[in-house]
Amino acid sequence: MLPGCCKNGIVISKIPVMQAGLKEVMRTHFPEYEIISSASAEDLTLLQLRRSGLVIADLAGESEDP
């Protein structure tokens with residue numbers, strides 16, 4: 002494997018509070034991971050995706066009807 006591989010994570014969510022919260026949980030419980038966040042998967046580069054061993058995606062999105 003490439004050096005630095007699999008110790009990177011990505012949080013994908015359109016909700017900034019969700020991004021911040023999930024990043025903080027990961028930093029607290031998995032400090033060895035470098036976490037980045039993005040509003041959508043389309044904003045990520047292929048290199049970022051290849052280097053990541055963990056992707057957390059918020060599938061709920063922004064719903065107007067609860």
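One gets the working numbering by counting positions in the sequence shown from 1 and adding 1 to each. Note that CB positions come from ideal geometry on N, CA and C, so glycine has one too.
Closer than 8 Å: residue i CB and nearest the ligand PLP heavy atom
| i | result |
| --- | --- |
| Ser39 | In the structure shown, the ligand PLP is absent, as is every other ligand, since no ligand is present at all. |
Those residues which DSSP pairs with residue i across a bridge
| i | result |
| --- | --- |
| Ala58 | Ile13 |
| Ser38 | Val12 |
Delimiting residues of the alpha helix (DSSP H) encompassing residue i
| i | result |
| --- | --- |
| Leu48 | 47-52 |
Distance CB(residue i)-CB(residue j) smaller than 9 Å
| i | j | result |
| --- | --- | --- |
| Ile11 | Ser39 | yes |
| Lys15 | Glu35 | no |
| Ala58 | Ile13 | yes |
| Val56 | Leu50 | yes |
For residue i, the three-state DSSP class (helix, strand or coil)
| i | result |
| --- | --- |
| Glu33 | coil |
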